[in-house]
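End of the sequence shown sits at 146 in our numbering; the numbers just go up one at a time, nothing left out.
Every residue, glycine too, gets a C-beta built ideally from N, C-alpha and C.
For reference, the structure is listed below as structure tokens.
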Amino acid sequence: MAKQTERARTGRASGSRTLPGRWKLEDAKARFSEVVRHAREDGPQRVTVRGQDAVVVMSVEEFERLAPAKPRPPFVAFMESLHLGGLDLEREADRGRDVEL
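What follows is the structure, given as structure tokens:
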């Protein structure tokens with residue numbers, strides 16, 4: 046409860062986070078479970094490297110909403126779409142090498 050009170054009062058959790066939803070890389074590494082919890086409860090969390098945004102940690106629900114799965118064609122349809130009709134796939138029979146004993 047104390048963390049929630051401080052976060053509501055200051056706009057950020059205790060520690061060295063700079064802004065709500067932003068984490069320095071070293072803090073994110075040290076407190077990864079907290080970053081994940083905030084991503085699930087409060088929304089995407091930005092991780093910065095040398096003051097520049099580097100990555101965003103977000104919940105899987107948010108990710109799936111933003112990047113819905115694209116339907117994949119059946120394997121045969123995919124292979125036919127490559128238009129490999131003129132490709133020669135024949136090879137000579139390999140009988141091994143002659144070995145003198």
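(message) If the criterion is Cβ atoms closer than 7 Å, does the pair Val26 and Trp68 meet it?
(response) Residue 26 falls outside the range modelled here, since the chain spans only 46 to 146, and no answer is possible.
(request) For Met46, count neighbouring C-beta atoms within 10 Å of its own C-beta (all shown protein chains included) and say buried if the count is 16 or more, exposed if not. (result) With a pLDDT of 44 at Met46, under the threshold of 50, the modelled position of that residue is not reliable, and no figure is offered here.
(message) To the nearest angstrom, how far is the alpha carbon of Gln97 from that of Ala73?
(response) Here the C-alpha atom of Gln97 lies approximately 14 Å from the C-alpha atom of Ala73.
(request) Give me the Cβ distance between Val105 and Pro89, rounded to the nearest whole Å; I'm assuming they're in contact under 8 Å. (result) Rounded, the Cβ-Cβ distance is 12 Å, inconsistent with contact.
(message) Taking the alpha helix (DSSP H) that Ala73 belongs to, which residues open and close that run?
(response) Here the alpha helix (DSSP H) through Ala73 covers 70–75.
(request) Leaving out five residues on either side along the sequence, give the residues of the same chain with a beta carbon under 7 Å from the beta carbon of Glu107. (result) The answer, listed in chain order, is Pro89.
(message) If you reduce the DSSP assignment to three classes, tell me which class Glu51 lands in.
(response) For Glu51, the predicted model reports a pLDDT of 41, less than 50, meaning its position is unreliable and no value from the coordinates is stated.
(message) Whole angstroms are fine: how far does the CA of Val121 sit from the CA of Gly131?
(response) Straight-line Cα distance between these residues: approximately 17 Å.
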